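Per the working numbering, the sequence shown starts with residue 31, numbered consecutively. The beta-carbon is built from N, C-alpha and C at its ideal position, and this holds for glycine as well. Predicted, not measured: the structure shown is a model, and the values here were computed from it. Report on one structure; see the data block that follows.
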Amino acid sequence: MSSEESPIEIVRRNNREMGYQERQERRETLVNSRRGTLGEKANSQKRVITTQEVKTLAERLKHKGHFTVQDFMFLNHALIQNEENIITFFRVTGALHALVRELTGQNTSLQLSAANCCCNLALGNKKSCLQLTKAAAPYLISHLDGLNNHLLEICVWTLGNLAGSDVKSWTVLHAQGLLPKLLHLMTSSESDVVCATIYALTHYVRVGLHTSDLNSGLQKHIVMNVHPVMERDASSCWVIYLLSCCSECDDVMLINSVVSRGVCLLRQCKTAPDSEVNVSKITALVRMLGNLSANREAAEILLIHSSIISVLRMLLASPYMHVQRETLWLVGNLLNHTSVEIQLLAKDSNLIESIEPLLSDALSNIL
């Protein structure tokens, strides 16, 4: 930490670190939930697939022409059941090379099955993910130029998991040009492809912010490609939030009205604030506004927005403590802004009086 960091920059840096930990926990939750869901399909056979069976399958995969789509289905079920099966697969010498052979082969059915296998292997630990990244990343990335949207989507999900697994895997993917491919896919007309791309970008940005390679120019480029879908895809708000932790992105967000649009999106959440999708979107948006409120222009936009009071009241009344906490931080930023003009504007707009007694109630809940 630099001794010249301002309090605001310290908070933003802490947000990046907090976001990194939270997104890692979200990834682990997703991994576990996906493993459990697909595991139910495997358990329709009323038994657990053993590591010895995985080893046998991996050995058979090494012999070209001997592995069928049904074999891949069985292997995929095994990989989803538990991480030990993933580790077992990687321990079979030549198995990963054989998998990549099928991923790049001419048989489209086996190619798709191999991509699914890579996606499940990408749910493994850091070491497993790095092995897969080094062996398969160039081919997974090359499929992003293809016309088979199903294969493309699976490859994007796989690359997202790999990018989010560790800085080492991220560095390999960054060097191989993953980011431009993902940003190009943001223009796709296929909603499933865009959804998968946003998932991958979220993990890419989360890990990339802890490197020097994701510089301010690239950060702004990501904002320019992601902000247009904020109104269509709730998960895109997490990408914008992560980048709002970097003050270098303030200008591009202000130019594209991200602050006022964020308030409008929060206002729209009032119809169903407790739905799972809305809670996630609300969390991302209020954190984003909390970060941007440190900027004088952004703070002014917030204070003069016609919906800010009703939105703050909704947030302070939320049954979710983390939403109340983030909202208090946002309000505190406005009331104690480094700009005297913003402090006066907050006072003249009767901000505190307009959100009482909800403000006091939230404070008592948090403190």
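query	result
Just confirm the distance between the C-beta atoms of Gly194 and Val237, as a whole number of angstroms; I'd bet it's less than 8 Å.	6 Å
Looking at the structure shown, is Lys92 part of a helix, part of a strand, or coil, going by DSSP?	coil
Does the Cβ of Gly292 have 16 or more other Cβ atoms within 10 Å, making it buried, or fewer, making it exposed?	buried
Out of curiosity, what's the CA-to-CA distance linking Gln111 and Ala125?	19 Å
Start and end of the alpha helix (DSSP H) containing Pro387?	Note, Pro387: premise wrong, no alpha helix (DSSP H); not H, not E.
Of the choices Val99, Arg131, Ala88, whose alpha-carbon is the least far from that of Thr118?	Ala88
Just verifying my parser: in three-state terms, what is the DSSP assignment at Asp101?	helix
Using the beta-carbon count (16 or more within 10 Å), is Asn380 buried or exposed?	exposed
Is the beta carbon of Cys149 sitting closer than 7 Å to the one on Thr98?	no
Using CA atoms only, rank isn't needed, just tell me which of Asp222, Asn245, Gly95 is closest to Gln136.	Gly95
Judging by CA-CA distance, which residue of Cys159, Lys156, His204 is the nearest neighbour of Ile398?	The chain is shown from 31 up to 397; residue 398 falls before or after that span and cannot be answered.
Mind checking whether Cys294 and Ile312 have CB atoms under 7 Å apart?	no
Would the beta-carbon of Ala226 fall within 7 Å of that of Val186?	yes
Going by Cα to Cα distance, which pick from Leu364, Arg355, Gly154 is closest to Glu327?	Leu364
Rounded to whole angstroms, what is the Cα-Cα separation between Asn115 and Gln82?	9 Å
Taking DSSP as the reference, what is the three-state secondary structure of Gly66?	Confidence at Gly66 is low in this model, with a pLDDT of 39, below 50, so its placement is unreliable and no value can be given for it.
Return the CA-CA distance between Met351 and Thr123, expressed in angstroms with no decimal places.	50 Å
Determine the direct distance from the alpha carbon of Glu371 to that of Asp391, and round the result to whole angstroms.	28 Å
Closest to Gln206 by CA distance: which of Val197, Asn321, Leu142, Ala167 is it?	Ala167
Out of Ala128, Ser277, Ala144, point me to the one whose CA is closest to Asn106's CA.	Ala144
Starting from Cys147 and walking both ways along the alpha helix (DSSP H), at which residues does that stretch end?	138-151
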